[in-house]
Amino acid sequence: AQYVMEVLRRFDRGDVAVDIMLKRDYPGWLDMLSRSTTITENWSGVGNASQDHCMLGSVDAQMFKTLGGLDIDMSREIQIRIRPYVTDKCRFVKVTEQTVYGKLVSEWHNNDENIEIMIIIPEGLKAEFEVSALNRGKSMTVNGIETETVSALKAGYNHIIINKERLA
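To convert, note that position 76 of the sequence shown is 299 in this note's numbering; the numbers rise steadily by one, no gaps.
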């Protein structure tokens, strides 16, 4: 499950990843949790498989990476890349990660007209925001400046608004 989610995120298929996270029947994490209190070793949860195999589930990590969009790699020049997958299946997401530089925050609100994203970058880190494939081609402002798909973020508070209407 962990590797499926990593590949889906890497290829900007947050739609499929979110479907798996929220699916109430087979194969979905909510399906597993309807029969168990933890993520099981295999999708069906039957047989001699472990009934507590969180190392393969990594649900919380995938929520940070997919819904919150956090991609942290301190070996890169731009250490933080944020590409949240905003879905109409969720109205609000907020994830925080404590780094050695301070708290990193990715939060979004999804309403009928637009998507409002608030990102806090600790001083000393370089970060950029990228809009997911689902929202490319829509009007977007980052800290009041119109932009297309990728934008450098400043340390401190960043405010992003994506209009849900497609550009002509």
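By construction, the Cβ of each residue, glycine as well, lies at the ideal position given by its N, Cα and C atoms.
Asked	Found
Compare the C-alpha of I344 against each of Q302, I384, Y308 and R247 and name the closest.	Q302
Assess contact between the stretch 281 to 298 and the stretch 317 to 328, defined as three or more Cβ pairs (one per stretch) separated by less than 8 Å. Is contact present?	yes
Measure the Cβ-Cβ separation of I384 and N337 and say whether it is below 7 Å.	yes
For the candidate residues N366, V373 and A350, whose alpha-carbon lies nearest to that of G360?	V373
Quick check on S257: does DSSP put it in helix, strand or coil?	helix
So what does DSSP say about D294, is it helix, strand or coil?	strand
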